[in-house]
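As given, the protein sequences belong to chains A and B, one line each in that order.
Using the numbering used here, the first residue of the first sequence is number 119, and each one after it goes up by one.
Using the numbering used here, the first residue of the second sequence is number 125, and each one after it goes up by one.
Using N, Cα and C, we set each Cβ at its ideal position, and we do this for glycine too.
The next block holds one structure in the form of structure tokens; read it before the comments.
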Amino acid sequence: MEPPFERRSDHELLGAAADEAEAFAVFYRRYERLVLGFGMLRASNAETAADVLAETFAAAWLGRDRYSGGEAGAGPWLLGIARNNLRMRARRLRVERQARDRLGVEPFAVAHEHLREIEAIFSDADAWLEALPPLQRDAVRAHILDGEDYLSLAERLGVPEATARKRVSRGIAGLRRRLSHEGDLT
Amino acid sequence: MSLLPEVEHALVEAIARPPRRRRTRLPGGSGVRAAVLACVLSLVSATALAATGAIGVPGLSPAPAAHQPLPVLDAGHTATLASYRGRILIVTFYASWCPPCIRQARLVDEQRARLEASGRGTAALIGYYERDVDARRFTRSHRLDLPVLQDPDHTVADAYGIRGIPATFVIDAYGRLVSSSRGLQTGATLARDVRKAMASEPK
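Have a look at this one:
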């Protein structure tokens with residue numbers, strides 16, 4: 119008998135999602151806070167963080183076959199999607215605004231109640247990053263927040279690429295553990 | 125007056141299109157040109173107004189992709205958003221793997237029940253890259269009484285600029301987009317959007 123979804127690895131969940139969407143829902147819950155925390159760390163803005171969350175998981179659903187697994191789990195992969203999403207965001211919003219202005223369509227509204235929840239829970243995201251062991255914190259900051267690739271990070275730190283990857287993945291795992299215990303999200 | 129949907133669609137699209145930069149030269153002097161333009165404009169606006177009821181209403185635009193046929197899950201037919209004209213319509217783009225979509229679908233289903241009881245409107249879900257089997261399981265396991273419109277080519281999702289879900293739109297009885305909301309709403313915000321759609325109807 120297959121173990122319940124909650125006990126399966128990220129790779130197994132994404133594989134099972136081909137047949138059962140519930141597997142991806144478990145994956146979503148596993149990483150929801152990490153992605154929101156990332157959005158708050160990068161943008162300090164709950165509305166942007168909420169968009170990044172929704173768009174990252176939509177993109178992850180569509181690209182789930184591209185996840186190749188690995189002991190680091192899906193955190194670095196997901197945050198890579200989130201980072202790309204944020205990088206394209208300014209340009210995309212500008213194009214969208216022009217299209218909406220042309221058609222006279224109002225911009226999307228976001229429920230402020232949920233934004234306040236996100237702000238309340240994730241306002242200390244910076245402190246959580248600071249609380250990581252320094253080597254992991256610096257690696258997460260460089261790779262996840264600043265977008266430095268693994269090879270360049272490894273060269274700059276004078277360590278093998280595998281070590282740089284391990285620091286990032288451990289840092290993300292630590293951040294996710296911390297974030298999973300903070301407040302209730304609706 | 126009822127126009128063929130294709131004609132109506134073409135008119136709405138033509139009016140929504142931005143003005144061309146290059147000016148079209150009409151024969152005759154400026155008086156003739158003005159008269160021809162006035163005739164064309166009045167004909168087009170009158171036809172479009174009759175067709176959509178949307179043109180000329182400040183702040184409200186025709187709902188996009190209103191004539192795209194969407195298969196209705198397990199119903200054996202298709203529907204278009206335009207086929208709901210005459211009633212308020214709430215549509216939510218969702219996927220069954222998205223936990224906030226469950227909450228949003230419940231809110232929408234509550235509003236659907238109220239709208240249908242009053243005879244003023246209804247609601248539907250539109251699957252975002254959603255398989256039939258997942259859509260069936262989603263509505264059954266969450267006891268939702270909402271039809272699911274499938275968007276297999278993502279035409280409607282693209283027309284509404286969907287990149288994340290849930291996203292909810294309220295369309296008034298005249299096919300005008302009254303509100304666009306992304307993410308999970310509260311019951312109060314959705315009810316407010318529905319009231320806005322009710323207020324936009326002619327007295």
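Relative to the Cα of residue 313/B, the nearest Cα in the group 187/B, 210/B, 294/B belongs to 294/B. Excluding its 5 nearest sequence neighbours in each direction, residue 193/B has C-beta neighbours in its own chain below 6 Å: 202, 204, listed in chain order. Near chain A, meaning a CB-to-CB distance below 9 Å, the residues of the segment 267 to 300 of chain B are 285, 286, 287, 288, 289, 290, 291. In this structure residue 134/A touches residue 126/A by the C-beta definition: roughly 7 Å separates them, less than 8 Å. With the criterion set as a beta carbon lying under 7 Å from some beta carbon of chain A, the members of the segment 300 to 318 of chain B are 301, 303, 304, 305, 306, 307, 308, 309, 310, 313, in sequence order.
Close to chain A, meaning a Cβ-Cβ distance shorter than 9 Å, are the following residues of the segment 201 to 230 of chain B: 219, 220, 221, 222, 223, 224, 226, 227. Under the three-state reduction of DSSP output, residue 294/B falls in the strand class. With respect to residue 270/B, residue 233/B sits close: the two C-beta atoms are nearer than 8 Å.
Burial is judged here by how many other beta carbons sit within 10 angstroms of a residue's own beta carbon; residue 278/B has fewer than 16 and is exposed. Contact of residue 198/B with chain A is not assigned, every C-beta pair being separated by 8 Å or more. Boundaries of the alpha helix (DSSP H) around residue 232/B: 223 to 242. Identification of chain A residues near residue 258/B by a Cβ-Cβ cut-off of 9 Å yields 138, 139, 140, ordered along the chain.
Residues of chain B whose Cβ lies closer than 9 Å to the Cβ of residue 152/A do not exist; the shortest such Cβ separation is about 15 Å. Under the rule that a run must span 4 or more residues, the alpha helix (DSSP H) segments found entirely inside the segment 247 to 278 of chain B read 256 to 265. Straight-line measurement puts the Cα of residue 159/A at about 11 Å from the Cα of residue 248/A. Cβ proximity to chain B below 8 Å picks out 228, 229, 231, 232 from the segment 228 to 242 of chain A. Pairwise C-beta distances place the segment 294 to 307 of chain B in contact with the segment 209 to 229 of chain B, as three or more of them are shorter than 8 Å. Per DSSP, the unbroken beta strand (DSSP E) holding residue 214/B starts and ends at 212 to 218.
In the DSSP annotation of this structure, the continuous segment of the beta strand (DSSP E) that includes residue 300/B starts and ends at 300 to 306. Looking at 150/A, 141/A, 289/A, 209/A, the one whose alpha-carbon comes closest to that of residue 246/A is 289/A. Taking a beta-carbon distance threshold of 8 Å, residue 149/A does not count as an interface residue toward chain B.
DSSP, read as helix, strand or coil, puts residue 252/A in helix. Close partners of residue 185/A in chain B (Cβ separation under 8 Å) are lacking, with about 14 Å as the shortest Cβ gap. Contact note: residue 180/A reaches chain B through 253, using a C-beta cutoff of 7 Å and chain order.
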